[in-house]
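Asks: The structure is given below, and queries will be raised subsequently.
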Amino acid sequence: MRLILMLGCALFWMSYSDLASALQIITGKVTQIEATYMPTQIPFLLSEGNATCPAGKPVYWAKDQENNKAIYATLMSAFVSGKRVTLIMDDNDASCTGKFIYVVD
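Residue numbers for the sequence shown follow the numbering used here, beginning at 10 and rising by one.
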């Protein structure tokens, strides 16, 4: 009886636990910024990459228009100054669209 109760509790716990959200992190220098799609999205290239988003493949920033303008200015500042940026994306995101961005160095 105790075994059945423990098994039932374990199954209940597993069915109500959320999936862990993992993130991809890429840190590199901005090597190119494409302004063609502004203010809807910002495609840009980083000097570094990972298996999903290798260096040389465009990564994207696509939020609302006001946020895109601020991020465009941030990316341009990092590009001109040679500072690195850290782009954080969802782990299962094959579209390489950032969720968070930091200027580092």
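Glycine included, each C-beta is placed from N, C-alpha and C at the ideal position.
Please read these numbers as outputs of a predicted model, since none were measured by experiment.
Whose CA, out of T40, N59, K78, V112, lies closest to the CA of A103?
Replies: Along the sequence shown, read from residue 1 onward, the residue named residue 103 stands at position 94. Taking only the C-alpha atoms, the option nearest A103 is N59.
Asks: If you check the beta carbons only, do A71 and I51 fall under 9 angstroms apart?
Replies: As a first step, residue 71 is located in the sequence shown; it is residue number 62 there, counting from the start. As a first step, residue 51 is located in the sequence shown; it is residue number 42 there, counting from the start. Yes; because the gap between Cβ atoms is below 9 angstroms, this pair is in contact.
Asks: Report the option in P48, I35, L55 whose CA atom is closest to the CA atom of G91.
Replies: As a first step, residue 91 is located in the sequence shown; it is residue number 82 there, counting from the start. Of P48, I35, L55, the residue nearest in Cα terms is L55.
Asks: In chain order, what residues of the same chain have a beta carbon less than 6 angstroms from the beta carbon of I97, not counting five sequence neighbours either side?
Replies: On the sequence shown, residue 97 is found 88 positions in, with the first residue counted as 1. The answer, listed in chain order, is L32, I34, K108, F109.
Asks: Of the choices K38, P67, C105, whose alpha-carbon is the least far from that of A44?
Replies: Here the question's residue 44 lines up with position 35 in the sequence shown. Among K38, P67, C105, the Cα nearest to that of A44 belongs to P67.
Asks: When you compare each of T95, A79, S86 to C105 by their alpha carbons, which one comes out closest?
Replies: On the sequence shown, residue 105 is found 96 positions in, with the first residue counted as 1. It is T95 whose Cα lies nearest to the Cα of C105.
Asks: In three-state terms, what does DSSP make of A47?
Replies: Walking along the sequence shown from the start, residue 47 turns up at place 38. Residue identity differs from the one stated: residue 47 is Met in this sequence, not Ala. Coil, per DSSP.
Asks: Which same chain residues end up closer than 6 angstroms to D114 when comparing Cβ atoms and leaving out the 5 residues on each side of it in sequence?
Replies: As a first step, residue 114 is located in the sequence shown; it is residue number 105 there, counting from the start. So the qualifying residues of the chain are K92, R93.
Asks: Terminal residues of the continuous beta strand (DSSP E) containing K38?
Replies: Taking the first residue of the sequence shown as position 1, residue 38 is located at position 29. Element bounds for K38: 32–42.
Asks: Taking the alpha carbon of K38 as the reference point, which residue from A64, T49, P48 has its own alpha carbon closest?
Replies: What you label residue 38 is simply residue 29 of the sequence shown in a count that begins at 1. Considering only alpha carbons, the answer is A64.
Asks: Near M85, what residues of its chain come up, given a Cβ to Cβ distance below 7 angstroms and the 5 sequence neighbours on each side ignored?
Replies: As a first step, residue 85 is located in the sequence shown; it is residue number 76 there, counting from the start. I42, listed in sequence order.
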